[in-house]
Amino acid sequence: MDLTPPNIDPANLETPPAVAAVRRIADGFKAFQVLRAGLKSGLFDWLEQNGPAERPAIATALKLRGAHLAGFLQTLEDLGLIVRQGTLYGLVPGMREALLTDSPWYQGPVVEGLASPEGSWADFSRFMTEDRTAAPADLSMPVRQHPFLDEASALALRLAQLDGENSTTSRRLLCFDATAGLAAVALCLARPQWNATAIVPATAVEAARDLVAGLGLGGRCRVEAGTPLDFAVDGAFDRVVLFHALYAVRKDMAQALAAIAGHLAPGGTLCSAHWFCLESCETAPGGLRDLDRAVLLDQHPLCHVESFGGRFAAAGLGYEGREEFDGPYGHLKLHFATRRQERQATAASCAHNGCC
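Going by our numbering, the sequence shown opens with residue 708, and the numbers climb by one from there.
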């Protein structure tokens, strides 16, 4: 069968650079699949226990195809996961924490999660269709594999620093936590005298309670279902933390912040930690991190960072400014506000004089 179209000379055909560019991108997918195969085959655990080893021994022990094993191992070496000395292969020592199944930092479940048909990355075209039902990523996972670990830890450390390095002050915290309880437990771990009530989406309550119990924080961290618009708590809190919790209530932001502010004790502080888009939702290099954020929470970042502080003033709080730090997914913006002491005193005075 002649597959050559008419009037085309195969000897003079040259693949255009555009095709080469696509192939380079596709190489990233291939490298991911090689990593996945290495994890699923048990190669890294076996090399840790039996290496350095030659290819025939690896093929026999793991039942891998000898005809293609050289290319497989060479690719893993190119990726910096294994090392070869002569004919012997071994595991790169610096990769043990991520690749060995008995390590608390083992990344196998993370890799499999990316390939899972239930996840958004396995079929990103489906994620981008308008008729798709919103579905945030499942965040019920061990702490060390949690995608928000770095952000939650940095936030907890910063709030502990603001209290003072040697502070022993007891704090009652209210945490609106869109990360299945991770921020709340990070806060409790940052200071043993802090106690938290975590408000999480109803679908995340079980995962959050499992996380709290697994870390032995059941006596210090209470988990309840709710949103910044609909939550039930008792009393006033020394600190309120909003961790990626406002995206879903952006249209009712004023109402949500007013309700939250009402649960701050006089002198209490509020910290909002969220992602923001650029002005007019413009884009900039680093779009893959934008998509990471989209897949994790399935929400658009907040808008108008330049005027966001005014929202706290409108809720009756004193705006104290903002900070930011670079996380795995870009800039996390921290905004701070305080419930003024005089606010309570003025209200009490009005009530006493019958003027309100």
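From the three backbone atoms N, C-alpha and C, an ideal C-beta is built for every residue, glycine too.
**Item:** Simplified DSSP assignment, three categories, for A1055
**Value:** Because the pLDDT at A1055 is just 41, under 50, the model does not fix this residue reliably, and the value given afterwards should be weighed accordingly. Three-state DSSP puts A1055 in a helix.
**Asked** Is the segment 758–773 in contact with the segment 846–866, if contact means three or more CB pairs nearer than 8 Å?
**Response** no
**Message:** So, for A1020: in the same chain, excluding its five sequence neighbours on each side, which residues have a beta-carbon less than 7 Å away from its beta-carbon?
**Reply:** Here the set comprises Y1026.
**Message:** Using DSSP's beta-bridge definition, name the partner residues of A991.
**Reply:** Bridge partners of A991: none, in fact.
**Where D945 sits in the DSSP three-state scheme** = strand
**Message:** Please list the terminal residues of the continuous alpha helix (DSSP H) segment that includes K1094.
**Reply:** Only positions 708 to 1063 of the chain appear in this structure, which leaves residue 1094 out of reach.
**Item:** Expected contact under 8 Å - CB spacing of V892 and V907 to nearest Å
**Value:** Contact flag wrong, Cβ pair sits at about 11 Å.
**Item:** Beta-carbon proximity check, A822 vs R743, cutoff 8 Å
**Value:** Yes, these two residues count as a Cβ contact at 8 Å.
**Message:** In the DSSP assignment, the beta strand (DSSP E) including Q792 goes from what residue to what residue?
**Reply:** 789–792
**Prompt:** How many Å lie between R1047 and E986 at the Cα?
**Reply:** Approximately 31 Å, taken between the alpha carbons.
**Nearest neighbour of V885, chosen from V948, W753, R833, V940 [CA to CA]** = The sequence given here has Ala at residue 885, not Val. Nearest C-alpha to A885: V948.
**Request:** Measure the alpha-carbon distance for A932 versus V919 and round it to whole angstroms.
**Result:** Here the alpha carbon of A932 sits roughly 14 Å from the alpha carbon of V919.
**Which residues DSSP lists as bridging F883, in chain order** = Looking at the DSSP assignment, F883 forms a beta bridge with I906, L949.
**A863: first and last residue of the uninterrupted alpha helix (DSSP H) it sits in** = 856–870
**Prompt:** So, helix, strand or coil for S823, using DSSP?
**Reply:** coil
**Message:** Please list the terminal residues of the continuous beta strand (DSSP E) segment that includes A972.
**Reply:** 971–981
**Message:** For R1000, count the other beta carbons within 10 Å of its own beta carbon; 16 or more makes it buried, fewer makes it exposed. Which is it?
**Reply:** buried
**Boundaries (first-last residue) of the beta strand (DSSP E) holding A1044** = Unbroken beta strand (DSSP E) run through A1044: 1037–1045.
**Request:** Please list, in chain order, all residues of the same chain as D917 whose beta carbon is under 8 Å from its beta carbon, the five residues on each side excluded.
**Result:** Cβ within range, chain order: S847.
**Whole-number beta carbon distance between F950 and C882, since they are thought to touch under 8 Å** = 7 Å
**Asked** Looking only at its own chain, which residues have a Cβ that is under 6 Å from the Cβ of T782, when we skip the five neighbours before and after it?
**Response** V741
**Prompt:** Ends of the alpha helix (DSSP H) at A963?
**Reply:** 960–968
**Request:** Pull up the distance between the alpha-carbon of L1003 and that of W982, whole angstroms please.
**Result:** Computed Cα separation, rounded: 12 Å.
**DSSP-derived helix/strand/coil call for D1033** = strand
**Request:** Give me the Cα-Cα distance between F751 and G745, rounded to the nearest whole angstrom.
**Result:** Straight-line measurement puts the Cα of G745 at about 7 Å from the Cα of F751.
**Message:** Just to confirm, is the Cβ distance from N902 to R927 under 8 Å?
**Reply:** yes
**Message:** Suppose you measure from the CA of G925 to the CA of A905; what does that come to, to the nearest Å?
**Reply:** 12 Å
**Message:** Out of R851, R833, A842, which one is the CA nearest neighbour of V817?
**Reply:** Out of R851, R833, A842, R851 has the C-alpha closest to the C-alpha of V817.
**Asked** Hey, L786 and E755 are a contact pair by Cβ (cut 8 Å); roughly how many whole angstroms apart?
**Response** With 8 Å as the limit, L786 and E755 do not qualify as a contact, their Cβ atoms being about 17 Å apart.
**Prompt:** Going by the beta-carbon positions, is the gap between R1018 and A966 smaller than 8 Å?
**Reply:** no
**Asked** How would you label I765, buried or exposed, when you count the other beta carbons within 10 angstroms and need 16 or more for buried?
**Response** buried
**Exposure of G778, with buried meaning 16 or more beta-carbon neighbours within 10 Å** = Exposed, because fewer than 16 other Cβ atoms sit within 10 Å of the Cβ of G778.
**Message:** Going by beta-carbon coordinates alone, are A915 and L936 separated by less than 8 Å?
**Reply:** With respect to the 8 Å criterion, A915 and L936 are not classified as neighbours on the basis of their beta carbons.
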